[in-house]
Each structure stands twice: as C-alpha cells, then as structure tokens.
Amino acid sequence: MRRHGNRVTPVKLQGAAVGDYARAPLGGRQKELQDRLDQAEARYRALAERLPIITYVAAMDVQGSFSYISPQVQALLGYAPEEWTAGRSLWLRRMHPEDRPRILPLLGRAHKGGRRFSAEYRLLDRTGRAKWILDESEVIRNAAGDPLLIQGTWTEITERKRMEQETAGRGRELASSKSELEQFISVASHELKAPLRRISNLGEMLAQRFKDGLTAQAEGLLAQIMDSAAVMQGLVAGLVKYGEADPRAPLSAVDLSAAVQHAVRELTEEIAGSGARVTCGTLPTVWAEPALLERVLYNLLDNAIKFRGKEPPRVHVSAEESAKQWIISVRDNGIGIHPRQAQRIFSIFDRLHAPKEYAGVGLGLAVCKKIIERFGGRIWVESEPEEGSTFHFTLLPPPKEGAM
Numbered sequence: 002m003r004r005h006g007n008r009v010t011p012v013k014l015q016g017a018a019v020g021d022y023a024r025a026p027l028g029g030r031q032k033e034l035q036d037r038l039d040q041a042e043a044r045y046r047a048l049a050e051r052l053p054i055i056t057y058v059a060a061m062d063v064q065g066s067f068s069y070i071s072p073q074v075q076a077l078l079g080y081a082p083e084e085w086t087a088g089r090s091l092w093l094r095r096m097h098p099e100d101r102p103r104i105l106p107l108l109g110r111a112h113k114g115g116r117r118f119s120a121e122y123r124l125l126d127r128t129g130r131a132k133w134i135l136d137e138s139e140v141i142r143n144a145a146g147d148p149l150l151i152q153g154t155w156t157e158i159t160e161r162k163r164m165e166q167e168t169a170g171r172g173r174e175l176a177s178s179k180s181e182l183e184q185f186i187s188v189a190s191h192e193l194k195a196p197l198r199r200i201s202n203l204g205e206m207l208a209q210r211f212k213d214g215l216t217a218q219a220e221g222l223l224a225q226i227m228d229s230a231a232v233m234q235g236l237v238a239g240l241v242k243y244g245e246a247d248p249r250a251p252l253s254a255v256d257l258s259a260a261v262q263h264a265v266r267e268l269t270e271e272i273a274g275s276g277a278r279v280t281c282g283t284l285p286t287v288w289a290e291p292a293l294l295e296r297v298l299y300n301l302l303d304n305a306i307k308f309r310g311k312e313p314p315r316v317h318v319s320a321e322e323s324a325k326q327w328i329i330s331v332r333d334n335g336i337g338i339h340p341r342q343a344q345r346i347f348s349i350f351d352r353l354h355a356p357k358e359y360a361g362v363g364l365g366l367a368v369c370k371k372i373i374e375r376f377g378g379r380i381w382v383e384s385e386p387e388e389g390s391t392f393h394f395t396l397l398p399p400p401k402e403g404a405m
C-alpha cells in the first residue's frame, strides 16, 4: 500500500494487490501454515521414536515441565509420555535425592548462561529402581535471541556406571593388597635380617674356632650353611629394593646422559675388573624420577658386565625418538639369551642360570620393569644366544610448559 496524503493505493506484488491479501480469508492461510507445522512435527516424532535414546522438549525451568518426551521413556522408567507431560514435578520427584543438590544448580546455571547442559544422574523408575542417565540439552532461541524452550536427550548409562564402579572397587582392592604386600615385605625383611646375620656370624665363628678339628664333610656342610645364609641375605636385600621401586616422589625432567654417568661411577670396580667399556650416543632429557632411573641403568649395565662372554664387555647406550616418546637402548656383546626367555627374565626371582655360575637373586630386571612401568613406559629385550642382548625401554619427554 502507498499513502498519498490521506489516500491509500493498493500496490501490486506478483500480480496481486496487498489489499487483496488483506481481504482474503485468514482461515485458509492459517490452515496451510498449521499443516506444514503438523507435518514437520510428525517427521520429528517419527525420527525421535526410532532413536535408541529418549528425546524431549521442556519449558525454560528446572522443574521438568515437558511438552514432549519420546515413548522410549516408558520402557526405561515405567511412566508413559502422558504422565511426564501432565505434571510439572514428575522429573524432579523421580530424580534420586542424592543427585538433586548437584544437578539442579548445574542445570539452572547452564540454561541461564545459554550453555549446553550435560550431566550424569539417577532417575528412579516406577518400582523405585535407580537408572543412570546421561542428560544433554541446550536452549532453543528465536531469531531475536530470546530463549523459547529446552531440547535434549537422555541416554541410559546404567551398565557403564556399574562397570565403572566395579573397576573402581577392584582398583581399591588392588591398592589395599599392594599396600599390605609392601608392609609385609618391609616387616619380613626387617625380621629376617637379624637371624640371617646371626647364622652367618655363627658359621664364621665355627669355621675359625674348629678349623683344625673339622672333617672334610663337616667343612663342606658348614660352607653350604654359610652360602645359603648369604643367598637369603641377598634375597632379603632384593625384596627391599623391589618394594622401594614404586615411591610417591613426583617425576621431573632428568638428563639421561648424567644418569648414565652416575650409574657408571657406581660400577667403577666392576668395570675395572672386567675390562668393560661403556659408551653413549646423544641422549635426551626425559620425564622420570632421577634415583629410580639411575637404578634402572645401574641394573642393566651391571647385567651387561656380569653376563659377559669371552671378550671384555662392550656396552653402548643410545636413544631414538619415536611416536612422541624416546626409546632408550642398552646394547652389549655378552652371552645373550634365547628369544623364548625374553619375557621370563623380567619375572621376580626368575633366574636362567645357577647362583654358582652368576651371582644374583633374579630381581634386577623385575625392578627395572616395575620402575619403567611406573614412568608410564615399557621394557623389552632383543637377543640371541652368544650374540649379545639389547634392552629397550620407553620414556616420555618432559611435558611442555603450561601442559603440566
């Protein structure tokens, strides 16, 4: 329409005057719009009712005023959709009492701030049985940005929560068992040290006092007693070291080259006595605990020197970056092992050689494995008999600043 003073003239639009629309029956146009809305709603309902989740539309409040909820809700909770849309408080009444103080403030803040809401909580079904759901919703707004309604979904997660609780329970049991084991090791080692030391001292006294009166058989028996006591003392000392291999000290950036040099200094006598030579490539800074990493390197270098072949030991420590971690390798020219023993050697108290052949109690590599796993890495060996061994273990680089 155009206005010329007090006169109004109809304007043509696509062959029809706006005045013609004003004079057309409103019922026909409203019916067309209503039919389109009905069709859209029917399509939405058909889709929603085929999904393996529950969909809903609710008012902008925290009372659970549903205008629509898909029929899957009845199979889950025992209440028909009509019961959810008839009253304002069914959702609130069926929420587990322990969850209400946590969920309602979260929901209110999320919707008030226009943020997406996501939370896990329990709803009680008609029989009173609790069902865990994941509730995810968001505010739907009009073109002007004004909030209109809440649209969301419920996904049942009861089985997942049950498995999480079982896993957490097993974790607590394992932690308790581990604590009891560590306590047992500490007490047992303390209680065994004194009698073993006494046996060893008494054996030495007998050997000195009656050295001229003992028969060859008695001397042999006494030597066996003292050897057994020495082995037991080594086992006790090894148990203590194994128990100490999982401290609560935090990890930090460690210069691997410095850690290797520290282990080499600790093995000065063994290196000199065997004619060993230890070399290093370029080594990185890694994420570890300094004293424990030095113990790993000490054990691996000590084994390389101990299990040597005919030639003097040659040991090389190197590092290679792979998949955002470092692979550290300790290669030697020793007696090697058969590949089928590659897993066994990391077991506690498992030895491939008799004590008379090579000293030790079978704990060094078990300690290495425990420490490396404590650092979030793994350890393995590549070897063939008489061809030397290469022990590999993985360590992470220090986290970047701001990521800690």
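Residue numbers are given in the working numbering: position 355 of the sequence shown equals residue 356, and the series is strictly consecutive.
Ideal placement from N, C-alpha and C gives every residue a C-beta, glycine not left out.
Inter-residue spacing [alpha-carbon to alpha-carbon] between F376 and R278: Taking the straight line from one Cα to the other gives about 28 Å.
CB-CB length for P285 against I338, believed under 8 Å: The C-beta distance from P285 to I338 rounds to 28 Å, too long to meet the 8 Å contact threshold.
Top-ranked residue by Cα proximity to Q73, from V297, T56 and K212: When C-alpha distances from Q73 are compared across V297, T56 and K212, the shortest belongs to T56.
Reduced DSSP category for I346 - H, G, I as helix; E, B as strand; rest coil: I346: helix per DSSP, three-state reduction.
7 Å CB neighbourhood of E295 in its chain, flanking five on each side removed: Cβ within range, chain order: A260, H263 and A264.
Rounded separation between V368 and Q75 - CA only: Going by the C-alpha atoms only, they are around 56 Å apart.
Per-residue burial, H5 [other beta carbons within 10 Å of its own, 16 or more giving buried]: Per-residue confidence for H5 stands at a pLDDT of 44, beneath the threshold of 50, marking its modelled position as unreliable; the derived number appears in the next sentence. The C-beta of H5 has fewer than 16 other C-beta atoms within 10 Å across all chains shown, which makes the residue exposed.
CB-CB length for L197 against Q234, believed under 8 Å: The beta carbons of L197 and Q234 sit about 5 Å from each other, so the pair counts as a contact at 8 Å.
Candidates Q152, T128 and A289, of which the one nearest E139 by Cα: The shortest C-alpha to C-alpha distance from E139 to any of Q152, T128 and A289 is the one to Q152.
7 Å Cβ cutoff met for S323 and T391: Against a cut-off of 7 Å, the Cβ pair of T391 and S323 comes out as no contact.
DSSP state of K311 mapped onto helix, strand, coil: Three-state result, K311: coil.
Proximity winner among K212, R210 and P398, relative to K325 (alpha-carbon distances): Looking at the Cα atoms, P398 is the closest of the given residues.
Three-state secondary structure assigned by DSSP to G170: Reduced to three states, the DSSP call for G170 is helix.
Residue burial classification, I104 (beta-carbon count within 10 angstroms, cutoff 16): Classification for I104: buried.
Sequence-distant residues of the same chain with beta carbon closer than 8 Å to R117, five excluded per side: Here the set comprises A111, E137, S138 and E139.
Runs of beta strand (DSSP E) wholly within the stretch 287-337 (minimum 3 residues, chain order): Entirely contained in the stretch 287-337, the beta strand (DSSP E) runs reaching 3 residues are, in chain order, 315-323 and 326-332.
Run of the alpha helix (DSSP H) containing A145, from where it starts to where it stops: Looking at the DSSP string, A145 is not in any alpha helix (DSSP H), and its letter there is neither H nor E.
Beta-carbon proximity check, P314 vs S275, cutoff 7 Å: For P314 and S275, yes; Cβs fall inside 7 Å.
K401 - DSSP class collapsed to helix/strand/coil: Assignment of K401 by DSSP, reduced to helix, strand and coil, places it in the coil class.
Option nearest F308 by Cα separation, candidates E388, R101 and D256: F308 has its Cα closest to that of E388, out of E388, R101 and D256.
Opening and closing residue of the alpha helix (DSSP H) in which R95 lies: Per DSSP, the unbroken alpha helix (DSSP H) holding R95 starts and ends at L91 to R95.
Cβ pair Y122, D100 closer than 7 Å: It is a contact, given that the beta carbons lie within the stated cut-off.
Endpoints, the beta strand (DSSP E) within which L260 is located: Going by the sequence as given, residue 260 is Ala instead of Leu. Per DSSP, A260 belongs to no beta strand (DSSP E); it is in the alpha helix (DSSP H), L257 to E267.
Cα-Cα separation between M96 and P102, rounded to whole angstroms: CA-to-CA, the gap between M96 and P102 works out to about 10 Å.
Distance between T168 and W155 (C-alpha atoms, nearest Å): Between W155 and T168, the alpha-carbon positions lie close to 24 Å from each other.
Cβ-Cβ distance between L396 and G378 below 7 Å: Result yes, Cβ atoms of L396 and G378 sit closer than 7 Å.
Cβ-based neighbour list, W85, same chain, cut-off 6 Å, excluding 5 preceding and 5 following: Excluding sequence neighbours, W85 sits near F67, I70 and L91.
Backbone CA spacing between A219 and A195 [nearest angstrom]: Each residue's alpha carbon lies about 25 Å from the other.
Contact under 7 Å by Cβ, A289 with V318: The criterion of a C-beta distance shorter than 7 Å is not satisfied by A289 and V318.
Neighbourhood of N143 by C-beta distance below 8 Å, restricted to the same chain and skipping five residues each side: Cβ within range, chain order: L149.
Cβ-based neighbour list, K370, same chain, cut-off 6 Å, excluding 5 preceding and 5 following: If the five residues before and after K370 are omitted, its C-beta is found closer than 6 Å to the C-beta atoms of F347 and I380, all from its own chain and listed in chain order.
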